[in-house]
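The next block holds one structure in the form of structure tokens; read it before the comments.
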């Protein structure tokens, strides 16, 4: 046996503890996790200088491959996935980060706090898992990398779906103390966890329930260890725990799989055992018997302790194979074996690591994979090579199996339809650079030649070339080889690109002169004063850049759009060179000051509200459909008594369908399939879109118009500069809301400038406004007051983690609908600024509160589609949390009274927002069918629902 302590493996200054260590499955690297200079640190090291002294002395071979300082606090555990593709790390910052190798940027970026040393490899964080409310102490990948288990000081274990990170599978609750270690059964049937509550628990992976709780060997233990890392033997027959006690002495308890008996232990350490690690290799060993010598396999197990020593045991021997004492100056915190089973490494709180190398003569000859697989099939009846999830499901209700199969078939049908659609949508294959294989080269133009031309003013212009890069697939890194990597270079490599100069081509410069009247491209929503004027068409509010020289341009403005109202803004309109193009959905942009033309008529209150005034260009064209367009000519026809505004409806640019004359300029215009609403400085006119005739006499406005909006249901909203809002149903010519003030909403904010971001009316005639403070309101006629439906600055909302998975835009993707008033409101809020969430012990409570408020907001807005979406999102979250109590409350409300013997709820209604509660319950139970944790709750309510349906 050889022992080696590399002094160069450290985390910086002396005293920076190394809390975890793990060797890569291919044996070319190992990772350490622990303290950094001002944060947590994960470091990936080269294994070659450890195993070979010659390589260690070679200065060209890097010892440190990559240093990662993304964790905000100490890293307690690092573990490679079985495939070697991923590295997971968990720390005191309550986060779990999953890292993947990147083929780019290797050797070019220095490691932070490493004294300028360069990273030889590049690793990037592909997923950050937020779910724990306390420090993450340990983690483990399941066989075949199906799941990732993490444990924390919040007394829970979270199971993550390794194929769909950051999706949770379940949260295991049962421990009453800090959970300090987790490990998987190599068969994949059990997960074990050890905690400060003096217990070791076995969890079944088929339903995530407790199989056994072992407490007897730990009753005398004290919670003095930083970690408790148990380990399963590679044959799955034994589980060895960390800190246990026997007759007052510390031991590592051996727990047999058969009956979970704990009659044996590893003794000899003077202080508490902190970590246990079995080698993944099963070795052949001669075992003496009374009759004859027979071949048997054995498993090697290493034990680390607070007494600063490491012992190595074989299951075929009654005494330790070797005990190494006084190797460290502080407790041993973690141990790892190489995949060959002959190399062992340990790390300590003193910031050092040790390497142990054994021979086959000392440990035994490793069994081949075929022999190991044969042994597994003999013991368990299954192969080690099979990747299975819940291979032995225990399903109590056959309806659950049918529901699971139904959901699976639907997913398969969807995938088949998508594949079929992709085969027939286009005859020409479309190449996606991000998805192309590394072997397939996409060569659009020569990749080694650039063309240089000269503009007429003498400037050089080089045509860019396309150089496709091989995609970064994030596959497992190849074994590190220093011959293939250049680690230093004193000069840059000479470019191989050929520059071809073309003197026969003269290109005119595309540069806008300083005295040009053309308009700049406007893409910023923070629009300077007097640069934008609000223009509304087809029920959509958009902005047109007019500038100070707009009146000098004779160019016409063309606005294209459909006649259907769009309440779901998604993109910002682009304005360029005086022409406006309307995409399918738009974001309303509000200027920050009123037009100077009407500033004298604005009250003092309106100035504090910062409301704009409507104003159109001297000449406007609004293209509708079927060749029709509405033309507005402000001050176009001078008469004896002043300028006349002419509004015409034309078809095919020649035929005038109707026309109207007005004695003042039009400030704003909105259109739907029935009506045209024209806003003037003091009146509001309603016309028929077919005949151009007035519907009613002009409505006199109390102040200058700031917003007008006409939806597809013919609800017209107009807001004046004094902050008073009114809504008219044009079909019935009835005012549904009159002079509703929004003034107090602005003055409830705590300091800072407040402006109005959006103002619309839903298809139900409900006014909706969004402020720049990330707050959304709707007006309730029942309560005669504004209701707050969204507040992005609320601490509860910011502490909720659910909007990171089901944000307001998710309902748009899930339903494909556009009439989503809640999304229309929250789109502005959630698209503004960062929604960084810090996990805490209050996060589950805040997440449920956020979901509950989403449901209330859907009821307020009478949005049935969104209500169903957020109801099912709430059910999925409660299933993930395993909260049966709240699930039962939801199910009982949806079920209602079922039998005559049950007291009838007088207030219970069979529908909500026009949706059948029983159908909603059926959808919720369909979600619950995939969770075996609540299968009895599923069976209970499924039976009652079927019974209620039969009674009806």
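Residue numbers (the working numbering): 546 to 1497.
Glycine included, C-beta positions come from ideal geometry on N, C-alpha and C.
Per DSSP, the unbroken beta strand (DSSP E) holding residue 845 starts and ends at 839 to 850.
Taking 9 Å as the cut-off, the beta carbon of residue 1432 is found no closer than this to the beta carbon of residue 1493. Comparing alpha-carbon positions, the option among 600, 812, 1191 lying closest to residue 792 turns out to be 812. Cβ neighbours of residue 1228 within its own chain (closer than 7 Å, five residues either side excluded): 1243, 1244, 1245, 1246. Per DSSP, residue 685 is one residue of the beta strand (DSSP E) stretching across 681 to 686.
Secondary structure note for residue 745: its beta strand (DSSP E) is the uninterrupted segment 744 to 749. In the DSSP assignment, the residues bridged to residue 580 are 585. In the three-state scheme derived from DSSP, where H, G and I count as helix and E and B as strand, residue 1221 is classed as strand. Nearest neighbour of residue 844 by Cα position, chosen from 1187, 777, 819, turns out to be 777. When the beta-carbon positions are compared, residue 1190 and residue 1208 come within less than 9 Å of each other. Counting along the chain, residue 1341 sits inside the alpha helix (DSSP H) bounded by residues 1340 to 1343. Per the coordinates, the alpha-carbon of residue 1278 lies some 10 Å from the alpha-carbon of residue 1261.
Straight-line spacing of the CA atoms in residue 898 and residue 880 works out to 10 Å. Between residue 1470 and residue 1268, the alpha-carbon positions lie close to 47 Å from each other.
Per DSSP, the continuous alpha helix (DSSP H) segment holding residue 1389 begins and ends at 1388 to 1406. About 34 Å separates the CB atoms of residue 547 and residue 801; that is not less than 8 Å, and the two are not in contact.
Scanning 1399, 1303, 1166 for the CA closest to the CA of residue 1157 turns up 1303. The Cβ neighbour count for residue 1390, taken over all protein chains shown within 10 Å, is under 16; the residue is labelled exposed. A straight-line Cα-Cα distance of about 17 Å links residue 1455 and residue 1410. A direct Cα-to-Cα measurement between residue 905 and residue 643 gives close to 35 Å. The alpha-carbon separation between residue 752 and residue 1477 amounts to approximately 6 Å.
By the neighbour-count criterion, in which a residue is buried when 16 or more other Cβ atoms sit within 10 angstroms of its Cβ, residue 1320 is buried. Residue 1346 places its beta carbon less than 9 Å from that of residue 676. The DSSP assignment places 1409 to 1426, 1429 to 1440, 1462 to 1473 as complete runs of the alpha helix (DSSP H) inside the stretch 1405 to 1477, in order along the chain (cut-off: 4 residues). Between the stretch 1396 to 1413 and the stretch 677 to 693 there are fewer than three inter-stretch CB-CB distances shorter than 8 Å, so the stretches are not counted as touching.
Here residue 822 is buried, its C-beta having at least 16 other C-beta atoms within 10 Å. Taken in chain order, the unbroken stretches of beta strand (DSSP E) that lie wholly in the stretch 1182 to 1262 and span 3 residues or more are 1187 to 1196, 1200 to 1207, 1213 to 1216, 1220 to 1224, 1228 to 1233, 1250 to 1255. Rounded to whole angstroms, residue 1263 and residue 1306 show a C-alpha spacing of 10 Å.
Selection 1272, 867, 738 evaluated against residue 718 yields 738 as nearest (Cα-Cα). As the crow flies, the alpha-carbon of residue 641 is around 21 Å from that of residue 570.
Membership of residue 902 in the beta strand (DSSP E) is indicated by the continuous run 898 to 902. Excluding residues up to 5 positions away in sequence, 1479, 1482 lie with their Cβ nearer than 7 Å to the Cβ of residue 1429 in the same chain. The bridge partners DSSP lists for residue 554 come to none. Bridge partners of residue 1483 according to DSSP: none are assigned.
When secondary structure is reduced to three states using DSSP, residue 1269 falls in the strand class. Counting only residues of its own chain and dropping the five nearest sequence neighbours on each side, residue 1238 has a CB closer than 7 Å to the CB of 1232.
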